[in-house]
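Worksheet for the structure shown next.
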Amino acid sequence: MVIKLAVPNKGRLNERAVELLLKSGIDLGEEWGRKLYVMAKDQDIEVMFVRAQDIPAFIATGAIDIGITGEDLAAESGYKIKKLMDLEFGYCRLSIAAPEASGIRTADDIPNGSKVATSFPNLTKKYFKSIGKDVSIIEVSGAAEIMPYLGISDLIADLVASGSTLKMNRLVEVSKILDSQAAIYSSDASMKKYGAQITDVVASLKSVMAAEERKYLMANVPKKKLKEVQKVIPGINGPTILNIAGNDDIVAVHAVIRSKDVYNAVNDLKRLGAKGILTLSIDRLVE
Ligand code: AMP
């Protein structure tokens with residue numbers, strides 16, 4: 000049976016979401032940039048390109064079975080959808096910010112009756128309720144940063160990553176409502192119908208993310224140094240040791256190691272007398 004998978008059609012989450020699908024072997028063909036939906040080649044997956052904001056509603060209503068979107072958008076939508084896995088990109092936070100000149104530095108400083116401009120009215124309302132402040136929410140569809148300058152609001156609640164946009168607009172971050180990153184979501188109903196297929200998609204994305212952080216390392220090492228070599232490259236289940244034809248003193252070791260350990264591992268292996276050291280990228284790693 001064909002499952003429907005949605006990814007953001009543009010914006011910050013689009014590029015990496017598509018990259019994860021392609022790297023996991025979901026073949027979108029040639030036309031995916033222009034078409035709003037494509038049938039993956041040789042797989043029972045139809046990939047739809049829709050607005051990131053709409054994905055939670057589409058999942059909740061059963062229009063799609065699985066989708067990649069931001070945690071912020073899922074939370075704001077209020078729909079009961081099921082997060083299957085964090086995707087470790089699109090990191091940001093929804094925060095309250097105030098004009099530098101306002102003197103407001105913490106949530107306690109925010110006076111009751113303040114006007115807060117945001118495109119996240121539900122989360123913002125909930126937050127102020129939770130801290131017992133009575134504010135009025137002004138819903139905007141974007142560019143919240145300009146609202147205090149225009150005198151439309153006293154504060155904003157908006158997404159922050161580096162904080163440079165706030166700074167540029169002379170705003171200071173006052174408090175955080177929520178941390179967010181991209182994640183993959185489904186619904187109970189779709190999981191019930193297509194559980195195995197959905198689990199396969201999630202496992203594929205996971206294997207791509209795991210592989211990106213690792214390298215395959217090969218080296219020829221003196222047999223007598225094997226114990227020390229094993230300490231340098233422990234591998235997933237320990238390194239694979241292979242005999243080299245016609246050479247009793249040297250063995251080949253193969254191991255999967257974390258990319259961040261490659262620099263030290265290669266230098267340590269050289270010191271132990273290793274020769275022919277190679278590191279290779281891995282496409283998928285299923286542990
Ligand atoms: P878009 O407006 O389509 O570019 O996507 C907005 C979504 O990207 C947000 O809802 C977040 O999930 C995510 N995102 C990640 N970093 C940021 C950021 N610095 N500013 C805004 N959105 C971000």
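Just so it is clear: in the sequence shown, position 153 is 152 by numbering that gives the first Met the number 0, and no numbers are missing.
Glycine residues also receive a C-beta, built at the ideal position from the N, C-alpha and C atoms.
Here the structure is a predicted model, which means the values were calculated and not measured.
Residue i, enclosing alpha helix (DSSP H) - first and last residue
i: residue 15; result: 13-22
i: residue 194; result: 187-211
i: residue 227; result: 225-231
Residue i, enclosing beta strand (DSSP E) - first and last residue
i: residue 48; result: 44-49
i: residue 84; result: 81-85
i: residue 136; result: 135-138
Alpha-carbon to alpha-carbon, residue j and residue i
i: residue 266; j: residue 209; result: 24 Å
i: residue 228; j: residue 220; result: 8 Å
i: residue 241; j: residue 279; result: 18 Å
i: residue 123; j: residue 159; result: 14 Å
i: residue 6; j: residue 126; result: 28 Å
i: residue 216; j: residue 207; result: 18 Å
i: residue 283; j: residue 23; result: 7 Å
i: residue 225; j: residue 121; result: 60 Å
i: residue 214; j: residue 114; result: 52 Å
i: residue 257; j: residue 111; result: 51 Å
i: residue 109; j: residue 103; result: 6 Å
i: residue 276; j: residue 218; result: 4 Å
i: residue 239; j: residue 254; result: 6 Å
i: residue 48; j: residue 34; result: 8 Å
i: residue 247; j: residue 222; result: 8 Å
i: residue 201; j: residue 46; result: 14 Å
As assigned by DSSP and simplified to three states, the class of residue i
i: residue 99; result: helix
i: residue 271; result: coil
i: residue 126; result: helix
i: residue 7; result: strand
i: residue 215; result: strand
i: residue 163; result: helix
i: residue 107; result: helix
i: residue 71; result: helix
i: residue 149; result: helix
i: residue 238; result: coil
i: residue 64; result: coil
Neighbour-count burial assignment, residue i, 16 or more Cβ in a 10 Å radius
i: residue 170; result: buried
i: residue 166; result: exposed
i: residue 157; result: buried
i: residue 28; result: exposed
Residue i at chain D interface by Cβ criterion, 9 Å
i: residue 114; result: Looking for chain D here will not work: only one protein chain is present.
Cβ contact check for the region 189-203 and the region 58-73: 3 or more pairs under 8 Å: yes
For the 8 Å Cβ check, are there 3 or more pairs between the region 140-151 and the region 30-45? no
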